[in-house]
Structure formats: structure tokens, C-alpha cells
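Q: Mind looking over this structure? Questions follow.
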Amino acid sequence: MAIIILICSLSACDDSSMAQIEKIAHSQEAKTLAKLGEIAIDKALNQKNETESNPSPKEPIELVTGRTATGQRDFNRAKQVLPDVFRGMESDFYCGCAYKGKEMDLASCGYTPRKSETRASRLEWEHVVPAWVLGHQRQCWQNGGRKNCSDNDPQFKSAEGNLVNLVPSVGEVNGDRSNFSYSAWTSKPEPMYGQCKTIVDFKNKKAQPREEVRGRIARIHFYMYERYQLKLSRQDQQLMCAWAKTYPVDDWEIKRDQRIVKLQGDGNHYVSERKTADYCA
Numbered sequence: 001m002a003i004i005i006l007i008c009s010l011s012a013c014d015d016s017s018m019a020q021i022e023k024i025a026h027s028q029e030a031k032t033l034a035k036l037g038e039i040a041i042d043k044a045l046n047q048k049n050e051t052e053s054n055p056s057p058k059e060p061i062e063l064v065t066g067r068t069a070t071g072q073r074d075f076n077r078a079k080q081v082l083p084d085v086f087r088g089m090e091s092d093f094y095c096g097c098a099y100k101g102k103e104m105d106l107a108s109c110g111y112t113p114r115k116s117e118t119r120a121s122r123l124e125w126e127h128v129v130p131a132w133v134l135g136h137q138r139q140c141w142q143n144g145g146r147k148n149c150s151d152n153d154p155q156f157k158s159a160e161g162n163l164v165n166l167v168p169s170v171g172e173v174n175g176d177r178s179n180f181s182y183s184a185w186t187s188k189p190e191p192m193y194g195q196c197k198t199i200v201d202f203k204n205k206k207a208q209p210r211e212e213v214r215g216r217i218a219r220i221h222f223y224m225y226e227r228y229q230l231k232l233s234r235q236d237q238q239l240m241c242a243w244a245k246t247y248p249v250d251d252w253e254i255k256r257d258q259r260i261v262k263l264q265g266d267g268n269h270y271v272s273e274r275k276t277a278d279y280c281a
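Mapping the sequence shown onto the working numbering, position 248 (from 1) lands on 248, and the numbers just tick up by one.
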């Protein structure tokens, strides 16, 4: 009705014209057109929101499948080449346990299983930045969880299989850490896994990694959050910047990064260039 008044105020409608316009405005055809307009607007807004929450890469992502090929891989293909990345450096990330093949040598690091000896004895590939962080805001995750993303979303596949973000872990610690964020709350951690210095706070959903890997964790975060346009919280930003400065790039990171570049085509410039993120300035 407000539109009718506006039209008439601009065109000097008489009473007859006013009545005719009002009749048209209340017709079934006008109501149908209005409804279709609303649907079109809603659809456009939904597409805009989906694009903003799932930013497209600058170039189409093509995942390689060959073991010796160079390029991005999905998670399953990544697991096939990760033994090559860590050859000669077969040591678990969180506890320093030696491993061979898929078997952990728990005695080598004084590891005592917290709950599951079976899982503790198994090598698993850990996402430093959890898959949940990489995907839970994407449309594919909302429509079917991680499996749906792994099956159908090339951007998520690339992130899930990015070699920079994958490290060997005692299976039990990988499971306990889950998708918890990293933190540091005590300088004298009460052991949870024998002599392993990594601990998990299940109540507050956080994990405190051993000091030896904190700088590595920070630089992996910088790379992944930049590469996949993720938002690092103020608290995590301060923690990662502190870790990056306190624990500089080490020989393990350099050797690992060089091998990743050969397999993936790109590595972590926060390692190769020994730099910190802009937000750490």
C-alpha cells in the first residue's frame, strides 16, 4: 500500500486511478509475483553467505593421485607418501616415541597407555589444525559432516590432505586430543601417558603439547590459517606468536619442509623463510 501511495504522489492519481492500482496490487497475480521476488532474494542472499563461508581458491584445485607426482593430495593419498616425508625421522610428534611402519615403540619413550594399549601402539596421522576447524563451517560439513566434505568438496580435500599439517602421532594421544585447541596452563604437567610430556584437559577441551614441538605447531598454524583463509582467534594468535618466537625453526622442520615441497609443490614459507606472521609484529 505504501508503494501505491508513493506512485500516486509522483503521478497525481485521481480516485479512479487509485482504486484501479489498489485492485491490481491486491490481485492474486501481484501476490504471486511478490512471493517469487522474495524467494529470488532469499536465494541470492544464501548463495552470497555460502560463498563468504566457503571462499573459492584463486585457481581450480587439481588433486594428484600418483605416489611420485607433485601436487596437492586428498588425505588418503597423503598418508601414502607421509612415510617418505618422515623417513629417517620416525619419531612421534607428541611424545617422541620411535615407530616402524605402523607400529609404535612405546618403550622407546617410556609411554604408558592411559586407556587403550591397542590404539596407543598404533601410528596415526594427526592434523595439527584439526579437520573440524578446516571444515565445520563449510556447506558440505553442514550437509553431511566430515565424510561428505572428504567425498565432495575439493577445497576441503586439499586442506585435509595438506602435508604441512600432518604429523605422526601415538594413536591414543591423537584420539585424546580430538579437535581440542592447543594451550599451555602449567609448567609442571602431571603425567598422563608415562614419561610423555604432552597432556590433555578433557573438561576444558584443550591440549598442552610438549615444549619441543610448540614452535612447529605455531608455524603450521600460520601456514594453514593463511592458506585456507581461516580466522585465528585473538587468544590463539597471541599463543602461537609467543611459541613461534620462543621456539625458532629447527632442523626437523627444515628437512621436513624440503621433502614436502618436492611432493606437494609448495611448503611452509614460515619455515623456509624463518618468518613470523604479520599479526605477530
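Idealized CB from N, CA, C, for every residue including glycine.
For residue 69, which residues does DSSP report across the bridge?
A: Numbered from 1 along the sequence shown, position 69 holds the residue referred to as residue 69. Note: residue 69 sits in no beta bridge, so no partner.
Q: Helix, strand or coil: which one does DSSP assign to residue 83?
A: Against the sequence shown, residue 83 aligns to sequence position 83. In this structure, residue 83 counts as helix in the three-state DSSP scheme.
Q: Could you tell me the boundaries of the alpha helix (DSSP H) in which residue 117 lies?
A: For this step, residue 117 is matched to residue 117 along the sequence shown. Element bounds for residue 117: 117 to 120.
Q: For the beta strand (DSSP E) containing residue 104, list its first residue and its last residue.
A: Along the sequence shown, read from residue 1 onward, the residue named residue 104 stands at position 104. Start and end: 103 to 105.
Q: At what residues does the alpha helix (DSSP H) containing residue 270 begin and finish?
A: Sequence index remark: in the sequence shown, residue 270 carries index 270 (1-based). Its alpha helix (DSSP H) spans residues 269 to 272.
Q: So for residue 250, helix, strand or coil by DSSP?
A: If you number the sequence shown from 1, residue 250 lands on position 250. Looking at residue 250 - three-state DSSP - the assignment turns out to be coil, as it is neither helix nor strand.
Q: Measuring only the C-alpha atoms, how far is residue 64 from residue 189?
A: The residue you call residue 64 lines up with position 64 of the sequence shown. The residue you call residue 189 lines up with position 189 of the sequence shown. Cα-Cα distance, rounded: 42 angstroms.
Q: In the DSSP assignment, the beta strand (DSSP E) including residue 275 goes from what residue to what residue?
A: As a first step, residue 275 must be located in the sequence shown, where it is residue number 275. Unbroken run through residue 275: none, as it is neither H nor E.
Q: Tell me, please, which residues DSSP counts as bridged to residue 170.
A: To locate residue 170, count along the sequence shown from 1; it is residue 170. In the DSSP output, where bridge partners are listed per residue, residue 170 has 123.
Q: In angstroms, rounded to a whole number, what distance separates the CA positions of residue 155 and residue 99?
A: Here residue 155 corresponds to residue number 155 of the sequence shown, with the count starting at 1. Here residue 99 corresponds to residue number 99 of the sequence shown, with the count starting at 1. The straight-line gap from Cα to Cα measures roughly 32 angstroms.
Q: Check the C-beta distance from residue 244 over to residue 196 and give it rounded, since I have them as a contact under 8 angstroms.
A: Locating residue 244 in the sequence shown gives position 244, counting from the first residue. Locating residue 196 in the sequence shown gives position 196, counting from the first residue. Incorrect: roughly 23 angstroms between the Cβ atoms, too far for contact.
Q: Since residue 225 is in the alpha helix (DSSP H), which residue starts that stretch and which ends it?
A: By 1-based counting over the sequence shown, the position of residue 225 is 225. Residues 214 to 227.
Q: Tell me whether the beta-carbon of residue 164 lies closer than 7 angstroms to the beta-carbon of residue 268.
A: In the sequence shown, residue 164 corresponds to position 164, counting from 1. In the sequence shown, residue 268 corresponds to position 268, counting from 1. Yes, the pair counts as a contact, with Cβ atoms nearer than the cut-off.
Q: Please work out which residues of its chain come closer than 7 angstroms, Cβ to Cβ, to residue 116, disregarding the five sequence neighbours upstream and downstream, and give them in chain order.
A: Counting from 1 along the sequence shown, the entry for residue 116 is found at position 116. For residue 116, where only same-chain residues beyond five positions count, the Cβ hits under 7 angstroms are 172.
Q: In this structure, does DSSP put residue 100 in helix, strand or coil?
A: As a first step, residue 100 is located in the sequence shown; it is residue number 100 there, counting from the start. Three-state DSSP puts residue 100 in a strand.
Q: How far does the alpha helix (DSSP H) with residue 137 in it reach, from first residue to last?
A: Your numbering for residue 137 matches position 137 in the sequence shown. Residue 137 -> no alpha helix (DSSP H), and no H or E assigned at all.
Q: Who are the near neighbours of residue 236 in its chain, counting only those whose CB is closer than 7 angstroms to its CB and skipping five residues on each side?
A: As a working note, residue 236 is residue 236 in the sequence shown. The answer, listed in chain order, is 181.
Q: In or out: residue 62 buried (at least 16 other Cβ within 10 Å) or exposed?
A: By 1-based counting over the sequence shown, the position of residue 62 is 62. Residue 62 should be labelled exposed.
Q: Where residue 168 and residue 143 are concerned, what is the direct C-alpha to C-alpha distance, given to the nearest angstrom?
A: Against the sequence shown, residue 168 aligns to sequence position 168. Against the sequence shown, residue 143 aligns to sequence position 143. Taking the straight line joining both Cα atoms gives about 30 angstroms.
Q: Which ranges does the beta strand (DSSP E) cover as unbroken runs of at least 3 residues, wholly within the segment 187 to 216, from first to last along the chain?
A: Fully enclosed beta strand (DSSP E) runs of 3 or longer: 199 to 201, 206 to 208.
Q: Tell me the rounded alpha-carbon separation between residue 113 and residue 193.
A: Numbered from 1 along the sequence shown, position 113 holds the residue referred to as residue 113. Numbered from 1 along the sequence shown, position 193 holds the residue referred to as residue 193. Taking the straight line from one Cα to the other gives about 6 angstroms.
Q: Would you kindly check if the distance between the Cβ of residue 92 and the Cβ of residue 200 is under 7 angstroms?
A: Stepping through the sequence shown from its first residue, residue 200 is reached at position 200. Stepping through the sequence shown from its first residue, residue 92 is reached at position 92. The answer is no: Cβ separation not under 7 angstroms.
Q: Among the residues of its own chain, which have a CB less than 7 angstroms from the CB of residue 257, if the five just before and after it don't count?
A: By 1-based counting over the sequence shown, the position of residue 257 is 257. These residues qualify, in order along the chain: 267, 268, 271, 272.
Q: Mapping the DSSP letters down to three states, classify residue 183 as helix, strand or coil.
A: Here residue 183 refers to the residue found at position 183 when the sequence shown is read from its first residue. Reduced to three states, the DSSP call for residue 183 is coil.
Q: Rounded to the nearest angstrom, what separates residue 141 and residue 187 at their Cα positions?
A: Numbered from 1 along the sequence shown, position 141 holds the residue referred to as residue 141. Numbered from 1 along the sequence shown, position 187 holds the residue referred to as residue 187. Taking the straight line from one Cα to the other gives about 37 angstroms.
Q: Taking 8 angstroms as the cut-off, does the segment 203 to 214 touch the segment 224 to 236 (at least 3 CB pairs, one atom from each stretch)?
A: Contact between the segment 224 to 236 and the segment 203 to 214 is absent, because fewer than three Cβ pairs lie under 8 angstroms.
Q: Look up residue 91 in the DSSP assignment and say whether it is helix, strand or coil.
A: By one-based count along the sequence shown, residue 91 stands at place 91. Looking at residue 91 - three-state DSSP - the assignment turns out to be strand.
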